[in-house]
Amino acid sequence: MKHHLRACPIRNLFLAASLALAGWAASVFGQAPSPGSATGNLSLVRSCPIEKLPDILIPREQWHPFPALQDRAQWQALPQPVAAHLVARGVAALKKPFPPLPATLYLAFAREGNRARFESAYFARRALLHDLVFAECVESEGRFLDAAADALWAICEESTWCLPAHVGVQKARVGLADITEPIVDLFAAESGVTVAWTLHLLGSELDRVSPLLRRRAAAELQRRIFTPVFERNDFGWMALNVTSAAHRPNNWTPWIAASVLTTTLLCESAPDRRQQIVHKMMRSLDGFLKFHPADGGCDEGPGYWGHAGGSLLDCLEVLHSATGGKLDVFADPLVREIGRFISRAHIAGDYFVPIGDCAARFEPERALIFRFGKCIDDSSLQALAVSGATLDTILGDRFMDRQLRAIFAAREMLALKAASPPLLRDAWLGSEDLQLMAARSQTGSSHGLYLAA
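Start counting the sequence shown at 198; every next residue gets the next number (my numbering).
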């Protein structure tokens with residue numbers, strides 16, 4: 198390392214500049230770099246041990262976080278532009294072919310390292326189902342029902358919901374999926390949420406097509422999601438035994454936990470198993486939080502914040518809702534700092550500091566940021582979410598769970614869309630695994646100099 202630095206004076210200069218910036222930031226912002234991990238004070242399992250869950254968890258039949266199609270008042274009360282937008286997407290979905298997923302397409306990853314062709318068809322199937330379900334909920338005339346039933350049935354018939362790039366953890370390794378060993382990856386879990394929300398939203402309307410639809414979908418959730426999550430402890434994303442910051446889990450843990458929690462709370466009919474899976478996901482989230490930087494920094498970058506800190510919000514919201522507000526940790530300092538990271542990494546417009554696995558430009562998940570701002574009562578986050586927002590950007594998330602939440606947040610967001618983004622004067626995140634500083638010439642303005650390191 199020393200030889201390399203001697204041979205590269207530019208790198209020496211950069212290192213010296215970086216150290217100088219760190220010292221400058223600490224003096225300007227009045228603090229030394231903060232510890233590398235959280236204090237460990239926040240624990241969902243301590244806040245709500247499993248013995249409490251039977252008393253505070255709302256029974257499945259009584260938990261209605263969003264209205265089903267039959268609850269016409271709330272769907273009919275959607276702003277006209279939102280309703281029209283959803284119906285138009287449903288009409289477009291009726292005209293699109295449903296992509297096939299043959300074995301050779303799945304094998305393209307094992308054979309040539311190409312994951313894109315399979316994923317394009319896989320995600321297109323789910324997007325069509327989302328659009329058909331939401332359009333039917335708005336219109337409620339049966340126009341989209343058969344097509345939605347076809348899409349739901351086809352997804353249930355897929356041999357696996359796990360992507361070919363992730364299936365290598367099975368005993369049969371990379372290749373076709375072994376249907377006797379269902380793997381719960383990011384998108385198997387997301388598929389579970391799609392099926393769960395379809396069953397919740399369309400409900401008995403699906404029986405008009407066939408009573409076997411709901412039975413089949415429920416059986417697939419048991420086989421592909423509930424049983425492997427309940428019985429296995431060896432999925433790495435579960436983060437059940439995190440002992441050091443060096444092995445701190447990444448965004449997979451809250452991302453999958455959010456999907457599993459929602460699917461379980463909506464569709465697991467056995468109360469004891471429902472409670473145990475919920476508790477297990479709370480343990481997973483504790484593993485994610487245990488060594489999280491206390492300043493909320495996301496070392497995967499702002500482009501992944503939506504699936505790290507943002508997925509944590511999804512989990513905390515669903516737990517808050519399913520316990521009737523009894524499990525509420527939104528005032529916790531770590532939760533608040535995790536939420537604020539996205540505004541601290543924001544440069545201007547669609548530009549963000551490109552740290553970690555992150556591009557410099559991307560469209561942020563506006564409804565997600567808005568929800569986080571609401572939950573922690575942070576007006577800066579809400580302003581960042583709505584500034585420059587359009588109906589397309591508010592409702593543009595691929596994830597069905599977030600689309601649904603955005604649909605019912607859109608009215609409030611559109612009413613505030615003239616708000617200006619916060620454009621914070623400075624930020625200093627001093628955790629050992631990130632150490633980000635940023636500063637601009639003028640608070641609230643994109644004019645002048647912006648510096649980040």
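Each residue gets a CB set at the ideal place from its N, CA and C atoms; glycine is no exception.
Three-state secondary structure (DSSP) of residue i
i: HIS261; result: coil
i: ARG637; result: strand
i: PHE549; result: strand
i: ARG651; result: Examination of residue 651 is not possible in this model, given that the chain is present from 198 through 650 alone.
i: ALA324; result: helix
i: HIS444; result: helix
i: SER317; result: helix
i: PHE331; result: helix
i: ILE376; result: coil
i: ARG370; result: coil
i: GLU338; result: coil
i: LEU410; result: helix
i: GLY310; result: coil
i: VAL242; result: helix
i: LEU360; result: coil
i: VAL532; result: helix
i: LEU254; result: coil
i: LEU578; result: helix
i: ALA274; result: coil
i: ALA436; result: coil
i: LEU418; result: helix
i: ASP651; result: Since the first and last residues shown for the chain are 198 and 650, residue 651 lies out of range.
i: SER643; result: coil
i: ASP431; result: coil
i: LEU403; result: helix
Span of the alpha helix (DSSP H) around residue i
i: ALA386; result: 383-399
i: LEU283; result: 277-291
i: TRP449; result: 449-464
i: TRP350; result: 342-354
i: ASP598; result: 597-612
i: LYS571; result: 563-572
i: ALA586; result: Unbroken run through ALA586: none, as it is neither H nor E.
i: PHE427; result: 424-428
i: ILE247; result: Taken as a continuous stretch (DSSP letters only), ILE247 belongs to no alpha helix (DSSP H), as it is neither H nor E.
Extent of the continuous beta strand (DSSP E) run through residue i
i: ILE544; result: 543-545
According to DSSP, residues forming a beta bridge with residue i
i: LEU626; result: LEU633
i: ARG537; result: ARG537 is not bridged to any residue.
i: TYR303; result: Per DSSP, none; premise fails for TYR303.
i: LEU648; result: ALA636
i: ARG558; result: TYR548
Min CB distance residue i to chain B below 9 Å
i: SER643; result: As a matter of chain content, chain B is missing from the structure shown, which is built from one protein chain.
Report task. Could you tell me which uninterrupted alpha helix (DSSP H) segments, each at least 4 residues in length, are contained entirely in the stretch 468-530, listed from first to last along the chain? Result -> Taking only runs of at least 4 residues, the alpha helix (DSSP H) segments lying wholly in the stretch 468-530 are 468-487, 499-502, 506-519.
Query raised in the report: Okay, do the stretch 494-504 and the stretch 579-591 touch, 3+ Cβ pairs below 8 Å being the bar?
Result: Contact between the stretch 494-504 and the stretch 579-591 is absent, because fewer than three Cβ pairs lie under 8 Å.
Query raised in the report: Would you call the stretch 280-289 and the stretch 609-623 touching, i.e. three or more CB-CB distances under 8 Å?
Result: With a cut-off of 8 Å, the stretch 609-623 and the stretch 280-289 do not count as touching, because too few Cβ pairs lie within range.
Query raised in the report: When the Cβ atoms of the stretch 244-257 are set against those of the stretch 464-479, are three or more pairs found closer than 8 Å?
Result: With the cut-off at 8 Å, the stretch 244-257 and the stretch 464-479 touch.
Query raised in the report: Given 8 Å as the limit, is there contact between the stretch 631-647 and the stretch 590-605, that is, 3 or more CB pairs closer than that?
Result: The stretch 631-647 vs the stretch 590-605: no contact.
Query raised in the report: Between the stretch 457-465 and the stretch 391-400, are three or more C-beta pairs nearer than 8 Å?
Result: Judged by Cβ distances under 8 Å, the stretch 457-465 makes contact with the stretch 391-400, as three or more pairs qualify.
Report task. Kindly confirm or deny that the stretch 305-318 and the stretch 360-370 touch, where touching means at least three C-beta pairs closer than 8 Å. Result -> Contact holds: three or more Cβ-Cβ distances are below 8 Å.
Query raised in the report: Do the stretch 263-270 and the stretch 398-408 meet, that is, are 3 or more Cβ pairs less than 8 Å apart?
Result: Three or more beta-carbon pairs drawn from the stretch 263-270 and the stretch 398-408 are found closer than 8 Å, and the two stretches are therefore classed as touching.
**Report entry** At least three beta-carbon pairs within less than 8 Å, the stretch 481-496 to the stretch 524-541
**Finding:** Here the stretch 481-496 lies against the stretch 524-541, with 3 or more beta-carbon pairs under 8 Å apart.
Query raised in the report: Does the stretch 367-375 touch the stretch 424-442, meaning 3 or more C-beta pairs lie closer than 8 Å?
Result: The answer is no - the stretch 367-375 does not touch the stretch 424-442, with fewer than three Cβ pairs under 8 Å.
Query raised in the report: Should the stretch 400-417 be called in touch with the stretch 345-355, which here means at least 3 C-beta pairs below 8 Å?
Result: Flag = yes, the stretch 400-417 and the stretch 345-355 touch.
Requested in this report: For the stretch 539-558 and the stretch 511-519, state whether three or more C-beta atom pairs, one from each stretch, are separated by less than 8 Å.
Outcome: No contact exists between the stretch 539-558 and the stretch 511-519.
Query raised in the report: Taking one C-beta from the stretch 614-630 and one from the stretch 534-550 each time, how about it: are there three or more such pairs within less than 8 Å?
Result: Yes, since at least three Cβ pairs between the stretch 614-630 and the stretch 534-550 fall closer than 8 Å, the two stretches touch.
Query raised in the report: Counting Cβ pairs closer than 8 Å, one from the stretch 444-458 and one from the stretch 384-391, do we hit at least three?
Result: In short, these stretches touch, since the Cβ pair count reaches three.
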